[in-house]
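Residue numbers (my numbering): 33 to 564.
Dropping the structure here:
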């Protein structure tokens, strides 16, 4: 939120906000160069000529908890309520490549997402859901290849060919080293695995978005809008360089790249941020990588409203925050949107709160006029000036990353993490002092909060998953599993694409933990350096 200091105000990125903007704010500004037309380079005004005048953004709702059976029921409810795309949350053991019965998984099974240990769980998760008719986004990073292959295997069992599958895997491990921590392997083999995914999907699942390069988690950790897009685009550059170094032509994979950003309550700067990000990415892809396909230049992105801005105090106020954040994403030109439920600062969303979150998007799409015209803020003195200011601040940070040798080297120096931590500390100080107003927290509090009954995950899920794993291991052909894992290990030791033997192992009912442990044997596990 904008901060007050006497009469002066500044943006979340620390840039000044003037009381009045006029033509002088854009002195020397070249509309043709900076703005362009919707759907054309540099895509400041949006990646498509008609944007929402043709159809609204994809309405996704992020969901997943407990068992695959429970999550499947929630997905069917969301589809019935009008969700246009599914977005899967996985529990921490799955995100870290551990089976539910591993000692390290104790206490975390099914807590922050659904537990997926094998193809058996994936069948249940998508049972009765036609995978040729829904678009599915999976928030999974280090083991993204496994979950994508499990999804493909379930689709094959449904009779759905891989070239009909649409969706996205997050698959962005670099931001895990910066802000989130659910990494498995060191950076070099992690990047090799991502390049293998790019190649595999180009050949086998051509409509799939192979990576969603994420700034959302950096923002949740405290990154400013300028830091969010700077470090995200720097990660994107590293992925493109990796794929090119692996022998791929940039136009063979760049059209399937996508991004993932946050939407805060500060509407004007958020709109400017999205516009600046599109412009920077288009110029990088054209000038540094020589991309020729216009789709390679497009920064397409998913947005999630800001979970970090939700409060446990007076949680119903979060309905207002989410509506404002969703509006910022729409005015900024997002391709898909998840709106958080008002009770997420307390626990997992209930059915009712998840439905209200979806209804928020539907009101924006069908009851307002923001979809009637493309890029409503184009030419606004304040937004165009803010776009230029955010772009300049982001480019300066990106240059500092380049000076350190690129995103991976900067990560190893702890640069991005330390910059984000400084921003987070500043936010905490401003909130504690009252300079930053948070309604219900440091101003307009209630003497006593009203009782609220949150959704809770049954702790018995851990034992249930362990039983399922014991049954799976007893039923499967262990010799076939062992042979498939051996083939995977050999591919990981060499230069062959690991996804093909990985798919064979998963089809034979190898578990997520077994596959990841096989790769750990070859590639090792990442341990943060003292720089962090």
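The C-beta atom is built at its ideal place from N, Cα and C for all residues, glycine as well. Just so we're clear, the structure is a prediction, and the values are computed from it rather than from any experiment.
Classify residue 510: buried if its beta carbon has 16 or more other beta carbons within 10 angstroms, exposed otherwise. exposed
Where residue 37 sits in the DSSP three-state scheme: Model confidence at residue 37 stands at a pLDDT of 47, short of 50, so the residue's coordinates are unreliable; what they give is reported in the following sentence. Of the three classes helix, strand and coil, the one that applies to residue 37 here is strand, per DSSP.
Rounded distance between the beta-carbons of residue 291 and residue 329, thought under 8 Å: Not a contact, Cβ separation roughly 13 Å.
Would you please state the rounded distance, in angstroms, between the beta carbons of residue 364 and residue 302? I believe it to be under 8 Å. 6 Å
Within 10 angstroms of the Cβ of residue 352, are there 16 or more other Cβ atoms? Answer buried if so, exposed if not. exposed
If you compare alpha carbons, which of 553, 475, 531 is closest to residue 15? The question about residue 15 has no answer, for the chain in this structure spans 33 to 564.
Would you call the CB atoms of residue 156 and residue 123 closer than 8 Å? no
If you pair each beta-carbon of the segment 239 to 249 with each one of the segment 533 to 547, do three or more pairs fall below 8 Å? no
Residue 563 in three-state terms, based on DSSP: Note that residue 563 scores 44 on pLDDT, short of 50, meaning its location in the model is unreliable and no value can be drawn from it.
For residue 390 and residue 476, the rounded distance between their alpha carbons: 28 Å
Nearest candidate by alpha-carbon position, reference residue 71, set 446, 465, 485, 314: 314
To the nearest angstrom, how far is the alpha carbon of residue 151 from that of residue 461? 47 Å
Would residue 147 and residue 101 be called neighbours here (beta carbons separated by less than 8 Å)? no
With three or more beta-carbon pairs closer than 8 Å as the criterion, would you say the segment 189 to 205 touches the segment 162 to 173? yes
So what does DSSP say about residue 296, is it helix, strand or coil? coil
Taking the CB atoms as reference points, tell me whether residue 266 and residue 430 lie closer together than 8 Å. yes
Might you give, ordered along the chain, the residues of its own chain that have their beta carbon closer than 7 Å to the beta carbon of residue 324, omitting 5 neighbours on each side? 283
Can you tell me whether residue 50 is buried or exposed? The criterion is at least 16 other CB atoms within 10 Å of its CB, across all chains shown. exposed
Please confirm whether residue 402 and residue 89 have their CB atoms less than 8 Å apart. no
Residue 295, buried or exposed, once every other Cβ within 10 Å from all chains shown has been counted against 16: buried
So what does DSSP say about residue 121, is it helix, strand or coil? strand
Mind pulling the beta strand (DSSP E) runs of 3 or more residues that sit fully within the segment 362 to 406? 368 to 370
For the segment 146 to 181, list the alpha helix (DSSP H) runs that are entirely contained and at least 4 residues long, ordered along the chain. 151 to 157
Which residue wins for smallest C-alpha separation from residue 106, given the options 550, 551, 347, 160? 160
How far does the beta strand (DSSP E) with residue 334 in it extend, from its first residue to its last? 333 to 337
What three-state label does DSSP hand residue 321 in the structure shown? coil
Could you tell me the alpha carbon to alpha carbon distance between residue 262 and residue 305, rounded to whole angstroms? 10 Å
In chain order, which continuous runs of the alpha helix (DSSP H) of length 4 or greater are located wholly inside the segment 446 to 510? 447 to 465, 493 to 507
Would you give the residue range spanned by the alpha helix (DSSP H) that residue 111 belongs to? 100 to 112
Quick check on residue 221: buried or exposed, where buried means 16 or more other Cβ atoms within 10 Å of its Cβ? buried
Taking the alpha carbon of residue 459 as the point to measure from, which residue in 215, 81, 256 has its own alpha carbon closest? 256
Can residue 455 and residue 254 be called in contact, C-beta distance under 8 Å? yes
Buried or exposed: where does residue 576 fall if 16 or more other Cβ atoms within 10 Å of its Cβ makes it buried? Look at the range of the chain in this structure, 33 to 564, and you will see that residue 576 is not part of it.
Name the residue from 525, 539, 559, 561 whose alpha carbon lies nearest to the alpha carbon of residue 225. 525
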